[in-house]
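Position one of the sequence shown corresponds to residue 34 (my numbering), numbered consecutively onward.
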Amino acid sequence: MAAPPTNPRTPPRYALLAIAFAGLLVVGAGVLLALAMRETPRGAAGTALASAIGGPFHLIDQNGKPVSDADLKGKWQLVFFGYTHCPDTCPTALNEIALALDRLGMKRDEVEIVFITVDPERDTPDVLKSYVQSFDAPIIALTGSPDAVAQAAKAYRVFYAKHPRGDGDYDMDHSAVIYVMNPEGRFTAIFTPDSSADSIVQRLQKLLS
Numbered sequence: 034m035a036a037p038p039t040n041p042r043t044p045p046r047y048a049l050l051a052i053a054f055a056g057l058l059v060v061g062a063g064v065l066l067a068l069a070m071r072e073t074p075r076g077a078a079g080t081a082l083a084s085a086i087g088g089p090f091h092l093i094d095q096n097g098k099p100v101s102d103a104d105l106k107g108k109w110q111l112v113f114f115g116y117t118h119c120p121d122t123c124p125t126a127l128n129e130i131a132l133a134l135d136r137l138g139m140k141r142d143e144v145e146i147v148f149i150t151v152d153p154e155r156d157t158p159d160v161l162k163s164y165v166q167s168f169d170a171p172i173i174a175l176t177g178s179p180d181a182v183a184q185a186a187k188a189y190r191v192f193y194a195k196h197p198r199g200d201g202d203y204d205m206d207h208s209a210v211i212y213v214m215n216p217e218g219r220f221t222a223i224f225t226p227d228s229s230a231d232s233i234v235q236r237l238q239k240l241l242s
């Protein structure tokens with residue numbers, strides 16, 4: 034039997050799946066953005082949400098040193114997933130975070146910035162080391178094998194995907210949320226990539242008080 038003719042206006046199955054997945058991402062992002070300027074709610078719902086973000090990972094930093102989620106406990110962490118070839122969102126967010134931490138004064142040492150690449154193919158430890166040196170703040174930059182990075186991204190509910198360009202190179206599409214993790218490694222709040230240094234420092238001052 035001949036196959037039925039294809040309607041050129043009907044999106045292929047993979048496109049429909051992509052659209053559906055994108056819709057789920059929008060819903061998930063909406064839940065996270067609702068928490069952008071406040072702490073995780075109390076009660077069972079808050080406990081479930083806090084437990085859903087973060088988890089075990091094993092990566093290496095810009096100096097080639099192994100780093101796990103357990104190694105980061107003990108201080109407040111601002112965790113951001115991105116990549117060094119990012120044209121605007123990543124450097125802007127990291128710069129605002131660095132400015133905010135500089136304004137924390139005596140409490141500055143209670144907070145660390147953690148930058149986890151979603152592009153391990155290009156972001157080697159040496160590349161990360163050179164990249165984070167351009168920001169006026171100490172940053173723990175992490176990379177690893179594709180599987181190790183995928184595990185970390187999954188723990189933080191981060192979406193990322195390679196986006197080929199016409200010139201043969203590629204960009205990375207990725208979630209862009211700054212996660213605030215408390216010293217016990219528990220998800221507490223978020224900032225958006227366009228959060229200003231002033232709004233970040235005001236939130237951190239309240240959390241650290």
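Beta carbons are placed, not taken as given, at the ideal position from N, Cα and C, and that holds for glycine.
Problem - Inter-residue Cα distance where the pair is LEU66 and ASP227 - result: With a pLDDT of 43 at LEU66, under the threshold of 50, the predicted position of this residue should be treated as unreliable, though the coordinate-derived value follows. Taking the straight line joining both Cα atoms gives about 12 Å.
Exercise for the section: Taking only beta-carbon positions, decide if LYS140 is within less than 8 Å of chain C. Expected result: The structure shown has no chain C; it contains just one protein chain.
Problem - Where GLN238 sits in the DSSP three-state scheme - result: The answer is helix: DSSP assigns GLN238 an H, G or I state.
Exercise for the section: Decide yes or no for the touch test of the stretch 165 to 178 against the stretch 129 to 145: beta carbon pairs closer than 8 Å, at least 3 of them. Expected result: yes
Problem - Identity of the residues DSSP links to GLU31 by a beta bridge - result: Because the chain in this structure spans residues 34 to 242, residue 31 falls outside the shown range and cannot be described.
Handout entry: Chain-order list of residues whose beta-carbon lies under 6 Å from that of ALA209 (same chain, five-residue window excluded)
Key = THR122 and PRO226
Practice task
Find out if the Cβ-Cβ distance for the pair LEU175, ILE146 is shorter than 8 Å.
Solution key: Result no, Cβ atoms of LEU175 and ILE146 do not sit closer than 8 Å.
Practice task
Kindly give me the distance between the Cβ atoms of ALA188 and LEU92, rounded to whole angstroms, as I take these residues to be in contact under 8 Å.
Solution key: Going by Cβ atoms, the distance from ALA188 to LEU92 rounds to 11 Å, so no, they are not a contact pair.
Practice task
Report whether the distance from the Cβ of ALA181 to the nearest heavy atom of the ligand ZN is below 7 Å.
Solution key: No copy of the ligand ZN appears in this structure; indeed no ligand is present at all.
Exercise for the section: Quick one: grab the DSSP three-state call for LEU7. Expected result: No statement about residue 7 is possible, as the shown extent of the chain runs from 34 to 242 and does not include it.
Handout entry: Coil, strand or helix - ASP121 by DSSP
Key = coil
Handout entry: Residue interval of the beta strand (DSSP E) (run including LYS187)
Key = No beta strand (DSSP E) holds LYS187; the alpha helix (DSSP H) holding it covers 179 to 188.
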